[in-house]
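Residue numbers (my numbering): 241 to 654. Every residue gets a Cβ at the ideal spot worked out from N, C-alpha and C, and that includes glycine. Every value quoted in this text rests on a predicted model; they were computed, and no experiment measured them. The structure under discussion appears below in the form of structure tokens.
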């Protein structure tokens with residue numbers, strides 16, 4: 241189906257030009273919109289997937305619902321969904337904005353990426369995912385090929401494209417996607433959550449920064465086993481980066497979702513700051529040779545620059561290393577159990593004057609503790625960002641915290 245002879249002439253009003261890519265779930269076509277005179281990308285679900293009719297219906301229903309939700313998530317770092325078409329012969333077709341440029345997968349194939357560029361990508365994609373999560377939309381498939389590197393910034397692609405519900409790693413001997421970026425809880429069959437997307441983003445950025453897989457392996461079973469039992473190798477020292485890069489990545493790649501950052505935005509900010517620390521220091525080193533006639537002036541200016549950079553780094557380190565405040569999980573657990581351990585944090589939040597209505601999760605998994613906590617706290621979805629910037633998260637997790645993170649079915653013993 242990848243050659244030009246198998247292409248449909250048009251989908252709705254869109255005139256098909258060529259195939260942009262093809263994967264396990266479908267293919268992406270480049271098309272022209274004659275009405276608005278612009279290029280678009282059309283994602284078409286494969287019609288020959290080896291799944292039951294019931295599973296296909298469930299997949300299509302979820303795709304429709306999440307596509308509608310994704311269309312409402314407007315962010316400069318999310319590929320915009322323009323249209324959804326039900327074609328009699330092609331099935332469900334989603335029309336996205338066309339983004340020129342390479343994917344992060346293309347960049348990774350060339351070796352490790354520059355630290356400053358990955359700092360920007362971490363901030364942009366982390367912010368984009370947090371906005372989507374607050375709107376009740378999960379991505380479920382963050383990986384290098386789903387991050388576009390456009391001239392004006394990074395963009396997350398394939399929002400609204402859900403994986404096959406309740407899928408396993410293999411299907412009649414074939415692999416449904418790659419588990420290399422999947423969170424351990426999703427491999428073991430648990431529900432997806434915003435923290436699962438965070439793990440996938442961390443595995444993706446680990447690879448982009450180092451040029452190496454966080455959990456390498458020759459087959460899906462080996463990779464899945466390593467994700468569930470092993471820790472990724474430190475990369476900072478070999479790349480000349482600040483050791484906090486390893487700490488931030490290690491926390492986001494924790495086996496326990498509750499050990500990760502509260503939001504993807506918090507993770508992105510922490511990783512970006514860690515990546516920038518060494519880069520800023522290197523860029524402000526005093527040259528070994530200075531022109532004699534300008535020595536005094538240059539010394540003064542370099543001194544001021546070094547002092548400013550030192551102060552900035554001190555602020556960054558303080559933000560990254562200070563003890564965490566109660567997380568959204570703590571807030572929910574405290575309210576559920578009547579505990580007063582988080583009373584100071586809750587008392588400082590005016591829930592009556594700041595309460596805001598957020599969109600309800602749209603036909604997604606039931607584990608939406610972070611979104612619920614943000615809504616209950618009456619914040620804008622990112623108020624807990626500072627609290628989540630602590631890298632050294634070695635404190636114990638309470639029983640109430642673990643209970644709050646369980647799905648209703650798990651709490652009932654089902």
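Of all C-beta pairs linking the segment 352-365 to the segment 275-287, fewer than three are shorter than 8 Å, placing the two stretches out of contact. At a Cβ-Cβ threshold of 9 Å, residue 270 and residue 256 count as neighbours.
A direct Cα-to-Cα measurement between residue 325 and residue 251 gives close to 8 Å.
Contact between residue 424 and residue 468 holds: CB atoms are separated by about 5 Å, below the 8 Å threshold.
Residue 315 sits in coil when the DSSP states are folded into three classes, being neither helix nor strand. If you draw a straight line from the Cα of residue 476 to the Cα of residue 366, it is about 21 Å long.
When C-alpha distances from residue 512 are compared across 458, 364 and 320, the shortest belongs to 364.
Of the candidates 484, 439, 336 and 286, the residue whose Cα lies closest to the Cα of residue 497 is 439. A buried status is given to residue 369, since no fewer than 16 other beta-carbon atoms sit within 10 Å of its beta-carbon. Residue 376 and residue 386 have their C-alpha atoms roughly 20 Å apart. Secondary structure at residue 392: coil, using DSSP grouped into helix, strand and coil. Judged by DSSP secondary structure, residue 283 falls within the beta strand (DSSP E) whose first and last residues are 278-285. If you draw a straight line from the Cα of residue 389 to the Cα of residue 483, it comes to about 26 Å. Distances from the alpha-carbon of residue 505 to those of 492, 247 and 516 put 492 closest. Residue 342 and residue 262 have their C-alpha atoms roughly 16 Å apart. Annotation: the continuous alpha helix (DSSP H) that includes residue 447 extends over 434-450. Secondary structure note for residue 257: its beta strand (DSSP E) is the uninterrupted segment 254-262. Collapsing the DSSP output to three states places residue 272 in a strand. Taking 8 Å as the upper bound for CB-CB distance, residue 382 and residue 346 are not in contact here, some 16 Å apart. If you ignore the 5 residues before and after residue 471, its C-beta comes within less than 8 Å of the C-beta of 490 and 493, all in its own chain and listed in chain order.
Counting the other Cβ atoms within 10 Å of the Cβ of residue 419 gives 16 or more, which makes it buried. Residue 444 and residue 359 have their alpha carbons spaced roughly 13 Å apart. Its chain contains 281, 319 and 321 as the residues whose beta carbon lies nearer than 6 Å to that of residue 336, once the 5 sequence neighbours on both sides are disregarded; these appear in chain order. Contact between residue 285 and residue 266 holds, since their C-beta atoms are separated by about 5 Å, short of 8 Å. If the five residues before and after residue 248 are omitted, its C-beta is found closer than 7 Å to the C-beta atoms of 256 and 330, all from its own chain and listed in chain order. Going by DSSP, residue 358 is part of the alpha helix (DSSP H) stretching over 355-374. By the C-beta density criterion, residue 486 is buried, having at least 16 other C-beta atoms within 10 angstroms. Per DSSP, the continuous beta strand (DSSP E) segment holding residue 337 begins and ends at 331-337.
Annotation for residue 311: 321 place their beta carbon closer than 7 Å to its own, counting only its chain and skipping 5 residues before and after. The straight-line gap separating the alpha-carbon atoms of residue 380 and residue 451 is approximately 23 Å.
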